[in-house]
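The structure under discussion appears below in the form of structure tokens.
In the working numbering, the protein residues as written are 21 to 529.
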């Protein structure tokens, strides 16, 4: 609200009033800003950023925490917020950071494109330092003194309990005393998404029962340290309902510890070696899916905090930590070879039964009376593996390597790419389960059948309305097609742990 109420931010107020500014998007951007604070607070207190005194004195978050404890600093000036933007640029701009010995972190965390509505705004030191105080201090109740939070000792899993509490609320723009105000209203997000904080005891038990046996079995099969390291880094651990990443953090620590022991030959590796090993475990072994974009963001931040090593950029995680509904989508590409099943066109509440019967009859005829569909799942997986090869081969040790990974991933998912066409085919197949079976949709050619899928697989040329509708349904329902998102996991000949709170992925209407 300090941003909304500042006199210079009239454009922001107007956008909040006329509906142009989406409250959920604003909330997401504010959380990303907080994630930057939390990451830097942790990294600075653990001495993982830089030893440069100029950074500490003029650009660090520790400096802002210090000012938040000085009442005279709570002024109407705006210099602290302006200075913060420079701090963020230090971690995004390689050349600028070099001047202060600050390693560029790159990645989405400090990318201004992730907070577009916060750019160019003003806020007073008074409002800004109040927010910093709230992030820096705590007390058990009103009778106890304030204490400084020790971020060096932060248990990253604690972010999960914060995330769970945030799910109880929905962001809204309201008006109070004639002023636009941003508020968090009580909502049903947690119940509707089935999102809950997972106790550490359950996490530890799952690691023991699902991960450790697989890890021990793999290490028994090899003898040399090099073979053991390769065996660990080839392990794939996936959580299909990751939330803020509790299971994945525990898995990365367990794998990282084993990796560090092998590399050093010590039962108790040094903290620096542990961080590097955990970073490698995250980069090579960890996969996650969650329907909530806020959870995906927080999961990445938690993994970055846990695996950040001094002098290294943030690892590229976009291709491993994905947003989607793990229960809705294509699990096996072989279903495309068989066409759209008749059950996809069974009527549900709101559907026109006559339209459903007609489409079902048409679909059965298309599937049974003609040749098999021009699609071979095995070849597609091989092709996708080839496309993902640069992502697997490039390390994450320099900003340039991270940029090349970003470019490679963007190329894979670009419009018209192999991945894009396969994704569209999967959207069409799944859209048949979700399309509303009405006269209007049938007339406007919005309901895919087996012939639709066949023509698309043969020529990629079908009615644009069908493609547009399929992609719209994919966005609405957060469709997630496992073989396309994680082809290296699905191509693996050896099983890996699948952890989480949901049943295995499937597609249902």
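By construction, the Cβ of each residue, glycine as well, lies at the ideal position given by its N, Cα and C atoms. The model shown is predicted, which means the values in this text are computed figures rather than measured ones.
Report task. With a floor of 4 residues, list each alpha helix (DSSP H) that falls wholly inside the stretch 160-228, ordered by position along the chain. Result -> 178-186, 209-213 and 220-226
Query raised in the report: How about residue 242 and residue 171: are their beta carbons less than 7 Å apart?
Result: no
Query raised in the report: Considering residue 257, what are the terminal residues of the beta strand (DSSP E) in which it resides?
Result: 257-259
Query raised in the report: At which residues does the beta strand (DSSP E) containing residue 310 begin and terminate?
Result: 306-310
Query raised in the report: Just to confirm, are residue 199 and residue 336 a CB contact at a threshold of 7 Å?
Result: no
Query raised in the report: Does DSSP classify residue 533 as helix, strand or coil?
Result: The structure shown has nothing for residue 533, since the chain only spans 21 to 529.
**Report entry** Beta-carbon proximity of residue 319 to residue 341, cut-off 7 Å
**Finding:** yes
Query raised in the report: Does DSSP classify residue 81 as helix, strand or coil?
Result: helix
Query - Among 382, 262, 84 and 427, the one whose alpha carbon lies nearest that of residue 156 - result: 84
Query raised in the report: Should residue 507 and residue 408 be called a contact, given that it needs their Cβ atoms to be closer than 7 Å?
Result: yes
Query raised in the report: In terms of DSSP beta bridges, what is residue 342 paired with?
Result: 309
Query raised in the report: Exposed or buried, what is residue 205 when buried is set at 16 or more other beta-carbons lying within 10 Å of its beta-carbon?
Result: exposed
Requested in this report: Output yes or no for whether 7 Å exceeds the beta carbon distance between residue 268 and residue 308.
Outcome: yes
**Report entry** Assigned exposure category for residue 294 - 16 Cβ within 10 Å defines buried
**Finding:** buried
Query - Residue closest to residue 533, alpha-carbon to alpha-carbon, out of 489, 431 and 458 - result: The structure shown has nothing for residue 533, since the chain only spans 21 to 529.
Report task. Just the C-alpha distance for residue 54 and residue 354, rounded to the nearest angstrom, thanks. Result -> 43 Å
Query raised in the report: residue 486 and residue 472 look like a contact to me (Cβ under 8 Å); what is the Cβ gap, rounded to whole Å?
Result: 6 Å
Query raised in the report: Between the stretch 121-130 and the stretch 31-40, are three or more C-beta pairs nearer than 8 Å?
Result: no
Report task. Would you mind sorting residue 187 into buried or exposed? The rule is 16 or more other CB atoms within 10 Å of its CB. Result -> buried
**Report entry** Residue nearest to residue 402 in terms of C-alpha spacing, selected from 510, 249 and 113
**Finding:** 510
Requested in this report: Please confirm whether residue 498 and residue 370 have their CB atoms less than 7 Å apart.
Outcome: no
Query - Integer Cβ distance of residue 137 from residue 46, believed to fall under 8 Å - result: 6 Å
Query raised in the report: I think residue 255 touches residue 238, with their Cβ atoms under 8 Å apart; what is that distance to the nearest whole Å?
Result: 7 Å
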